[in-house]
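Position 85 of the sequence shown, counted from 1, bears residue number 130 in the numbering used here, the numbering being contiguous throughout. Even for Gly, the Cβ is constructed at its ideal location relative to N, Cα and C.
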Amino acid sequence: MDILSIQIQNKILFWRYSTRQQRIFSRATAPGAFLVDIIPALRVWPEWLPGGGFHTIAKEWSSQLHRTADTSCEYVKEQMAAGNIEPSFTARLLGEESHEEYLIKWAALDIQTGGAETSAAQIKGFFRAMTLYPEAQAAAQKEIDTIVGTDRLPNISDRERLPYVNALCKEVLRYHVALPTGVPHRARADFIYESGEGAAPMLIPKDSLVIANQWKMAHDPAIYANPMVFDPARFLETNGKAAELDPARISFGFGRRVCPGTYFPLKPVARLHQFPTIGKLLADNMLFLTCSTILSAFNISKARENGIIIEPPLGQTMGTASHPLAFKCVVEPRDDRAAALIRSG
46 MDILSIQIQN KILFWRYSTR QQRIFSRATA PGAFLVDIIP ALRVWPEWLP
96 GGGFHTIAKE WSSQLHRTAD TSCEYVKEQM AAGNIEPSFT ARLLGEESHE
146 EYLIKWAALD IQTGGAETSA AQIKGFFRAM TLYPEAQAAA QKEIDTIVGT
196 DRLPNISDRE RLPYVNALCK EVLRYHVALP TGVPHRARAD FIYESGEGAA
246 PMLIPKDSLV IANQWKMAHD PAIYANPMVF DPARFLETNG KAAELDPARI
296 SFGFGRRVCP GTYFPLKPVA RLHQFPTIGK LLADNMLFLT CSTILSAFNI
346 SKARENGIII EPPLGQTMGT ASHPLAFKCV VEPRDDRAAA LIRSG
């Protein structure tokens, strides 16, 4: 499932590097992971004194980050020289020879790893939800079979005609929040926060660490009915009932730390900095294509051992990016037609 979320560029060769970087990011950005994040003055604390180990960790992580960026870029250059390169972001910009290699390799690394961790977490959340809620799975499969048919897999042009599948993707975002506390913010100046709900205004002093409890927002019973239940229908307008709040307004963050960009350009641009980072639209489309394709071709069900059904645990891992706890499930082609369609590519 992790591999599904990071096939944008150099695929398996760099999986080891990018996976390590994703884990480093999750650890480095976890609120309170390092005291120096809370007390910035500690940045001058000597490395050799007790409590100064964060310097060593920072150097090691920085070295690994540079190694990942360099390895990816050098691989593309070698493939271009050999004449057997696949089209990619890096190859295209290197071929134009109008951008600094330094900028290209770091922009490529941002694309390669920027959303991979959260995308992998969301896909795992999808598999767990389908394992636990077969009725939602069956409803989505019925819609796909009716609208798309059974002789091909869904594509992005089908999206507007698949309201239930779209609702299911929204519920995946809400039900398993990949970034439970988001990315921490720091107030750049004193400001007054007003909730608009009758509560007294609150002063947030300059340099305060601000953490958004995105998990709580996505499971607030004042916003979502029965929030602990996976129910895609909550995002459909039925029988005069309005759809509930789109969780994309929560899942992709806020302010200067919002998931950047709203599209990924397919046509050339004049300068490298005009390329937006992979943004929420690309991540959202990736989730739709992954979920709809899997539902079209596969059934997902609970695993059995010695005749006993294994219930997936409901917990999730700790860290900035949170994954469902490891669980077992059975994934098998829906029928011979689906198996043949999968094998045909």
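7 Å Cβ cutoff met for residue i and residue j
i: S346; j: V375; result: yes
i: A183; j: L281; result: no
i: L254; j: P229; result: yes
i: G97; j: W106; result: no
i: K150; j: C118; result: yes
i: A185; j: Y209; result: yes
i: I387; j: A328; result: no
i: V222; j: Q259; result: yes
i: R72; j: V81; result: no
i: G364; j: A75; result: yes
Inter-residue Cα distance where the pair is residue i and residue j
i: P357; j: F172; result: 10 Å
i: K261; j: P225; result: 8 Å
i: Q361; j: H368; result: 5 Å
i: Q109; j: L177; result: 38 Å
i: R233; j: A288; result: 36 Å
i: L290; j: A114; result: 38 Å
i: D196; j: K215; result: 26 Å
i: Q340; j: F70; result: Contrary to the premise, residue 340 reads as Leu rather than Gln in this sequence. For L340 and F70, the distance between alpha carbons rounds to 31 Å.
i: K104; j: E92; result: 11 Å
i: S389; j: H264; result: 41 Å
i: I57; j: A136; result: Low confidence applies here, because I57 scores a pLDDT of 42, under 50, leaving its location unreliable; read the following figure in that light. So the alpha carbons of these two residues sit roughly 17 Å apart.
i: M125; j: P132; result: 10 Å
i: A371; j: L359; result: 10 Å
i: D380; j: N344; result: 9 Å
i: A267; j: P179; result: 27 Å
i: A152; j: F134; result: 9 Å
i: T335; j: K373; result: 19 Å
i: T191; j: G77; result: 50 Å
i: N200; j: E188; result: 14 Å
i: K286; j: F333; result: 24 Å
i: F236; j: L248; result: 6 Å
i: D252; j: F99; result: 21 Å
i: N129; j: T116; result: 18 Å
i: Y269; j: S143; result: 50 Å
i: A244; j: I83; result: 27 Å
i: G352; j: T283; result: 40 Å
i: V193; j: A348; result: 29 Å
i: L148; j: E162; result: 22 Å
i: M273; j: E123; result: 50 Å
i: G241; j: R112; result: 48 Å
i: E377; j: E350; result: 17 Å
i: I256; j: I295; result: 13 Å
i: V314; j: E145; result: Its pLDDT being 41, under 50, V314 is placed unreliably by the model, and the measurement read from it follows with that caveat. If you take the alpha carbons of V314 and E145, they lie about 15 Å apart.
i: R382; j: R204; result: 22 Å
i: R231; j: F79; result: 15 Å
i: I355; j: A127; result: 50 Å
i: I102; j: L154; result: 21 Å
Paired residues, beta bridge with residue i - DSSP
i: T283; result: K286
Cβ-Cβ separation, residue j to residue i (assumed contact under 8 Å), whole Å
i: F275; j: Y220; result: 5 Å
i: E239; j: P250; result: That belief does not hold up - the Cβ atoms of E239 and P250 are roughly 16 Å apart, past 8 Å.
i: S164; j: M331; result: 6 Å
i: V121; j: L94; result: Contact doesn't hold; Cβ gap of about 43 Å is too wide.
i: L218; j: A293; result: 6 Å
i: P277; j: A384; result: About 27 Å separates the two Cβ atoms, so there is no contact after all.
i: A86; j: A366; result: Wrong, their Cβ atoms sit about 29 Å apart, outside the cutoff.
Proximity test, residue i beta-carbon vs the ligand PLP heavy atom, cut-off 6 Å
i: I102; result: Within the structure as shown, the ligand PLP is missing, as the structure has no ligands at all.
CB contact below 7 Å: residue i versus chain C
i: A127; result: Although the question refers to chain C, the structure presented lacks it and comprises just one protein chain.
**OP:** Please go through the segment 189-267 and give each complete alpha helix (DSSP H) segment of 4 or more residues, from N-terminal end onward.
**Re:** 208-220, 259-263
Subject >> Inside the segment 334-378 only - beta strand (DSSP E) runs reaching at least 3 residues >> reply: 343-347, 374-378
Subject >> Those runs of the alpha helix (DSSP H) which lie wholly inside the segment 109-158 and span at least 4 residues >> reply: 134-141, 146-158
Subject >> Minimum length 4: unbroken alpha helix (DSSP H) runs contained in the segment 75-110 >> reply: 80-83
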